[in-house]
Every structure is written in C-alpha cells, then in structure tokens.
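**Student:** Handing you this structure, nothing more for now.
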Amino acid sequence: MSFCPSKLSVPPLSSRLSNIRITVSAHNLPPNAPMSKEITSRRPYTSEAECLQYHKQLFNTFATGKTKSIKWRKWQSKQMWWMLVDNEKVITEALAADLGRHEFEALTSDLHSLKTGILEHLNHVEKWAADEPVSSAGFLMGTLGKARIRKEPLGVVLVIGAWNFPFLLTLQPVIAAITAGCCVVVKPSELSVASQNLMQDLVGRYLDPEAIRLVTGGPQETTKLLELKFNHIFFTGSTKVAKFVAAAAAKHLTPTVLELGGQGPAIVTAKADLDLAAKRIAYAKFLNAGQICLSVNHVFVDPEVHDTFVQRLHHWTQGFSGGESSHMCKIVNKRNFEGLSGLLEETSGTVFQASGKGGDHMLSPTVVTDVGINDSLLSEELFGPICPVIKATYKDAVRQTNSGPHPLAIYIFSSDNSEIDHVLQNTISGGVTINDVLMHYGVPGAPFGGVGDSGQGYYHGKYGFMAFTHQRTILEMPTWMDKLMGFRYPPYDIKNMRKFLAKNNLGFRRGETMEDQVVGLSHSWIWAGIGVMFASAIGIAVKNRHSIQGVPL
C-alpha cells in the first residue's frame, strides 16, 4: 500500500476540460449530495454467481474490441473525472467515516492525486497507445521492414484495492487499465465499508457496465474470485496476502503487479538539519495515523545528535497532535488497534505519547526511544503512528537495513553528499526521498513500485499504462527481398554465410583484465559493416528488379 502526497505542479484544470462531457444517468445523484447513513452499513457481498456472470460478460466485451478504441478510453476517463467531481463531498464523508480522515487530507491525498492522474492519462493516451518505431532496428528491419512495437491491452484485468487509501489505491490502477484499453473487475477492500459501498454505487452509475464491474467480498470471496482466469492482476496490500495472490495467479500464468510495503527506515546523520528531519518524520507518522506503507517505520539517528533530534521529534509530534481534534485519523479497526497497543506494551523502550483526542480506535502519535534491534516494535511493519528511534551511525543503519527484506522506501536526512551516496550505493529499496518523506511517490513521469518483499512491477503515468499493456513486435519484410535472403535456405553455403556474420576482430583483446580492458566499445563497426553490405545488396536489387519481379524499370 502507498500514498501520494499532493503533486506540486498541476496545470490549470479549467484549461483542460473544455471538451469533457458526461453522459448523465437518470439515477445519478445531484452533484455533492450528502452521504446517506446506509453507506456506512455492511451490505451483502457480491455472490459467486454474479462474479461468474461479470467475468464472462467482460471477456465477451473485450472480444468485441470495444475497449481498444481511443474514444472509449478517453470517454471512460472523463466519466471517472466527473464521478470524483460530482461526489467530492460524499467521498470525503466516506473517508471520514472509515478512517476519521480530515477533509484536507481527503482532498489532497485522494481526490487531487486521482484527478491529476486522469488528466495525465487523457493528455497522453494517443501517444502512449501509438505504434512505436524500433530505433535500433537498422535499415533492413527498421526502414524496409517497418519494425514497430504495438501496445495492446492485456484483456480482462482484476484490480484489488487497499483500505488505507480506498479511493486512491483502488481507482488509480483502474484509470491506467482503462487507458490501456482493458476491461476491469474492481475489488475494493471490505475493511473500509463506507468507501466500498460508495464506490460500488458510483462505479455502477458513471462507468460502462459492459466493461467495468465492481465486486465486493472478504477473504473467502476474494479467494474464489482469484480462482478465475484473468489476463492481469493488480494487487495493493500486505506482503503476506500478496503471496496468496501470486500463488493463485501462477496457476493461470497470470502476470501481476504487487504494490506492498515493508519496514522503511529514516536515516538521520550527524550532518542533518535535525529540526527539519524531526518535523517531516513526525508528519509522516501523523498522516493517516501512520497507516501508509510508504511511511517511516523506524528512525536510525546518529548517537552524536540523538538527544537533540529526539527533543525536536517530541516537539513536533506534540505540535501536530494538538489543535483541532478532528485532524487525527483513527486506526481502521479494533484488531489493528489492539495489535499496535500490544506492541507498545511489550516494548522495552521509553515511550512518549502525545496528547490527542480520545475515542474508539484512536492512538496518538507515539515516540519510543532506547529501542534495541530485537525490540517488539521492530518485529514487523508497524503501520501506525508509532515511531521507534534507534541509535546508529548511518553506516550501521545501512548494515541493519540490509539484514532484512528490501523496504518500499528509504529516507535519508543529511547535508553531506558522501553520506547520501553511501546509503544509495549500499542499499536496495523501491524508492528514496532525501531530506523529506513520501514525496518521491508523486514525481510526475516516474515509476513507483517496490522490490523484493516490498513489491514487484511499477505504475503511475505511462508506467501504469504499460503495466496493463502487451508490447507486440511487428515486422513487415518485403517479399521482393527473398532472393537477397536466399543464403538462409538449404542447401547451406558456408562461404556466403560468413559475409553476414559478425567479425571476430572488433577492437578488444583476448585475455584482457577488468582493469586494462578497452572501454567505450560500441557496436558501430558491426552496424557499419552490415549497413554497407545491405546497401550494396539493395543497389544490385534495384538494378535487377525486372529480373526479380518481371516488372520493367
């Protein structure tokens, strides 16, 4: 699971929407109608029979080629836009009901990120979907053979969303799947009840029911759903559940993108801006009550500046917890709340808990110092507003980070480039933000994804489009060239064959060492030789074209 902070560079929306229209159903709610109490009540899950019906229907729709149309893709993206705009108020209310999320966080982290994503896909879908020439194909296959890569939709895909950002992390991959031309089965998390119910209503009203269907269910229903064959599965959630998803997908050789999490550290060196580091780390732990897989799990801080850093961390943790009580999110359910509370009871560290609002499943931001490597707080991904602080130099922090699974993110706080480079060169993670938190998630045009236990595959922007796309290589060899290519047919002629093979003397030496090897070698000599050979052959072919095709010049 992950989170997108508000993207910083956003084009004016009014200038991009002049041609966008929505087909309004008679069943649509008025724009920004209030949320009904029924939305927060549990509903019966989608039946197995309905799932089978939707599955068959979507495969039938895809077979018609309907979703391959660029017009359809753009139309559905625009429908998604208006779904969000018309229902902004009720969406923020659903997020507040599920997670206690403040309207500010809902508007910036969820809705704004989705809308900028839609605009990016709308603006680039023609370019992304267009055939792409193969620049390295050369004269024969590139110019004469028109070698190109066609981006084709994978087919019927399954998107399984997460509860911590139920709209963002469910609909963001759906936008990419639509832009790629796929049919989509959408499965939101059952833990965020109000968001699931609202999404079920809105998807049915705004999006094409012949190509996009939303289903609901818990673990049992999801297990049955995964028994069906899909052309791609996109899952956001925990590493533990991802292993079940991957195993189910493997039975059908279904490709997957798995967006997971991990124990992402912040590394604060002696040369960091300590107040800024403390402020931003406290912010990461406060946002959504720390229920962000991209969040800081724990902090390594240099012993030399430990006490000063902790003092500032206490300051900002308390500062962010004060003020308007509704700023603080709640833990999603009793089970997760009790799990976090149990870890705090078991820790051997010193606990500092900020004051905050009370209520069911409320856990104030908590700093724990004097934490050992084997402490209960480091036994698993915390996924809550608890911040363990460990004394360690940045080099020790690197060694400790490398002793576990690769995290989704690493956060480095330092003003020394050599320290930063050491961490970058000696660790592996999904992404890195230097002197800040979370922000690399929102870099326009950049891929987002984990590595190892923190995930596989990428999305965002073009990378999301490509995740749901098959890259199909197409080559058109001219029929008139068959005589020139006759050397490849039996009976084989070794003498003529050698004219088409790479030469053995290419400028590097047998037996050279790594240190004294010739560097900077390219394939230019090979391509130059092949180019001369085919240019000569084609010149001869043009002169003798009448003998090949029987057509006079």
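Each position in the sequence shown, counted from 1, maps to that position plus 2 in the numbering used here.
Here a beta-carbon is modelled for each residue, glycine too, at the ideal position from N, C-alpha and C.
Computed from a predicted structure; not experimentally measured.
Are L113 and E90 closer than 8 Å when you measure CB to CB?
**Tutor:** Here the question's residue 113 lines up with position 111 in the sequence shown. Here the question's residue 90 lines up with position 88 in the sequence shown. Cβ distance < 8 Å, so L113 and E90 count as in contact.
**Student:** Contact check, P390 vs F288 under 8 Å by CB: the rounded distance?
**Tutor:** Position 388 of the sequence shown holds residue 390. Position 286 of the sequence shown holds residue 288. Actually they do not touch by this definition, with Cβ atoms about 16 Å apart.
**Student:** Would you give the residue range spanned by the alpha helix (DSSP H) that A244 belongs to?
**Tutor:** Locating residue 244 in the sequence shown gives position 242, where the first residue counts as 1. Note, A244: alpha helix (DSSP H), 241-253.
**Student:** According to DSSP, what are the bridge partners of I269?
**Tutor:** Counting from one through the sequence shown, the residue named residue 269 turns up at place 267. DSSP lists F302, I414 as partners of I269.
**Student:** What would DSSP say about Y396, mapped onto helix, strand or coil?
**Tutor:** Numbered from its first residue, the sequence shown carries residue 396 at position 394. Reduced to three states, the DSSP call for Y396 is helix.
**Student:** Looking only at DSSP bridge pairs, what is K189 linked to?
**Tutor:** Position 187 of the sequence shown, counted from the first residue, corresponds to residue 189. DSSP lists I162 as partners of K189.
**Student:** Ignore the nearest five residues each way along the sequence and tell me which others in L278's own chain have a CB closer than 6 Å to its CB.
**Tutor:** Residue mapping note: residue 278 aligns to position 276 of the sequence shown, counting from 1. Around L278: no qualifying Cβ.
**Student:** What residues are listed by DSSP as bridge partners for H234?
**Tutor:** Here residue 234 corresponds to residue number 232 of the sequence shown, with the count starting at 1. According to DSSP, H234 bridges with V159.
**Student:** Check whether the region 257-268 and the region 186-193 touch, using three or more Cβ-Cβ pairs below 8 Å as the test.
**Tutor:** Short answer: they don't touch.
**Student:** Buried or exposed: A280, going by 16 or more other Cβ atoms within 10 Å of its Cβ?
**Tutor:** Here residue 280 refers to the residue found at position 278 of the sequence shown. Looking at its Cβ environment, which holds 16 or more other Cβ atoms inside 10 Å, A280 is buried.
**Student:** Would you decide whether P556 is buried or exposed? Buried here means 16 or more other CB atoms lie within 10 Å of its CB.
**Tutor:** Because the chain here runs from 3 to 555, residue 556 falls outside it and cannot be looked at.
**Student:** By Cβ distance, which residues of its chain are closer than 7 Å to R44, with the 5 residues on each side in sequence left out?
**Tutor:** Against the sequence shown, residue 44 aligns to sequence position 42. Excluding positions up to five away in sequence, the list reads V195.
**Student:** Helix, strand or coil for A530, going by three-state DSSP, please let me know.
**Tutor:** Numbered from 1 along the sequence shown, position 528 holds the residue referred to as residue 530. At A530, the pLDDT of 49 sits below 50, so the modelled position is not reliable and the matter cannot be decided from this model.
**Student:** Using the Cβ count rule (16 or more neighbours within 10 Å means buried), how would you classify K332?
**Tutor:** In the sequence shown, residue 332 corresponds to position 330, counting from 1. When all chains shown are included, K332 counts as buried.
**Student:** Taking only the alpha-carbon atoms, compute the straight-line gap between Y413 and G451 and give it to the nearest angstrom.
**Tutor:** Reading the sequence shown from its first residue, position 411 is the one you call residue 413. Reading the sequence shown from its first residue, position 449 is the one you call residue 451. If I take the Cα positions, the gap works out to 16 Å.
**Student:** Where Q307 and P387 are concerned, what is the direct C-alpha to C-alpha distance, given to the nearest angstrom?
**Tutor:** Translated into the one-based positions of the sequence shown, residue 307 becomes position 305. Translated into the one-based positions of the sequence shown, residue 387 becomes position 385. Reading off the sequence shown, one finds Val at residue 307, where the question assumed Gln. Going by the C-alpha atoms only, they are around 23 Å apart.
**Student:** Quick one: grab the DSSP three-state call for Y461.
**Tutor:** In the sequence shown, the residue the question calls residue 461 occupies position 459. Correct three-state label for Y461: strand.
**Student:** For K315, which three-state DSSP category applies?
**Tutor:** By one-based count along the sequence shown, residue 315 stands at place 313. Strictly speaking, residue 315 in this sequence is Leu, with Lys absent from that position. Helix, per DSSP.
**Student:** Do you know offhand how far Y47's Cα is from P175's?
**Tutor:** Here residue 47 corresponds to residue number 45 of the sequence shown, with the count starting at 1. Here residue 175 corresponds to residue number 173 of the sequence shown, with the count starting at 1. Straight-line Cα distance between these residues: approximately 22 Å.
**Student:** Going by beta carbon distance, what residues of the same chain come within less than 6 Å of H57, once the five residues before and after it are set aside?
**Tutor:** Counting from 1 along the sequence shown, the entry for residue 57 is found at position 55. So the qualifying residues of the chain are L230.
**Student:** Using the beta-carbon count (16 or more within 10 Å), is Y494 buried or exposed?
**Tutor:** For the purposes of this step, residue 494 is taken as residue 492 along the sequence shown, with counting starting at 1. Label assigned to Y494: exposed.
**Student:** Are the Cβ atoms of R282 and V439 separated by less than 8 Å?
**Tutor:** Position 280 of the sequence shown holds residue 282. Position 437 of the sequence shown holds residue 439. Yes.
**Student:** With 16 as the cutoff for other CB atoms within 10 Å, does E347 come out buried or exposed?
**Tutor:** Stepping through the sequence shown from its first residue, residue 347 is reached at position 345. E347 is exposed by the Cβ-count criterion.
**Student:** Could you tell me if P267 is buried or exposed, where buried requires 16 or more neighbouring beta carbons within 10 angstroms of its beta carbon?
**Tutor:** Translated into the one-based positions of the sequence shown, residue 267 becomes position 265. Burial call: buried.
**Student:** Going by other Cβ atoms of all chains shown within 10 Å of its Cβ, with 16 needed for buried, is M85 buried or exposed?
**Tutor:** Taking the first residue of the sequence shown as position 1, residue 85 is located at position 83. So M85 counts as buried.
**Student:** Identify every residue that forms a DSSP beta bridge with H472.
**Tutor:** Locating residue 472 in the sequence shown gives position 470, counting from the first residue. Note: H472 sits in a beta bridge opposite E154.
**Student:** Grab me the residues of M201's own chain with a C-beta within less than 6 Å of its C-beta, minus the 5 sequence neighbours each way, in chain order.
**Tutor:** The sequence position of residue 201 within the sequence shown is 199, counting from 1. Hits under 6 Å: P190.
**Student:** Here's a check: name, in chain order, each residue in its chain whose Cβ is nearer than 6 Å to the Cβ of G466, leaving out the five neighbours to either side.
**Tutor:** Residue numbering aside, residue 466 sits at position 464 when the sequence shown is read from its first letter. Excluding residues within five positions, the ones whose Cβ falls inside 6 Å are A178.
**Student:** Work out the CA separation of K148 and E478 for me, nearest whole Å.
**Tutor:** Within the sequence shown, the letter at position 476 stands for residue 478. Within the sequence shown, the letter at position 146 stands for residue 148. Cα to Cα, E478 sits roughly 6 Å from K148.
**Student:** Residue range of the beta strand (DSSP E) that L216 falls in?
**Tutor:** Here residue 216 corresponds to residue number 214 of the sequence shown, with the count starting at 1. Unbroken beta strand (DSSP E) run through L216: 214-216.
**Student:** In the region 54-121, which residue ranges form an unbroken alpha helix (DSSP H) of at least 4 residues, counting only runs that do not cross its ends?
**Tutor:** 72-88, 90-101, all fully within the region 54-121.
**Student:** Whole-angstrom Cβ separation of H300 and L380, contact assumed at under 8 Å?
**Tutor:** One-based indexing of the sequence shown puts residue 300 at position 298. One-based indexing of the sequence shown puts residue 380 at position 378. Yes, they are in contact, since the Cβ atoms of H300 and L380 sit about 6 Å apart, within 8 Å.
**Student:** What is the rounded straight-line gap between the Cα of Q355 and the Cα of Q320?
**Tutor:** Residue mapping note: residue 355 aligns to position 353 of the sequence shown, counting from 1. Residue mapping note: residue 320 aligns to position 318 of the sequence shown, counting from 1. Taking the straight line from one Cα to the other gives about 8 Å.
**Student:** Tell me the rounded alpha-carbon separation between K153 and A131.
**Tutor:** For the purposes of this step, residue 153 is identified with residue 151 of the sequence shown, where counting begins at 1. For the purposes of this step, residue 131 is identified with residue 129 of the sequence shown, where counting begins at 1. About 6 Å.
**Student:** How is the beta strand (DSSP E) around Q355 delimited, first residue to last?
**Tutor:** In the sequence shown, the residue the question calls residue 355 occupies position 353. Start and end: 352-355.
**Student:** Would you identify the three-state DSSP class for L228, choosing helix, strand or coil?
**Tutor:** What you label residue 228 is simply residue 226 of the sequence shown in a count that begins at 1. Coil, per DSSP.
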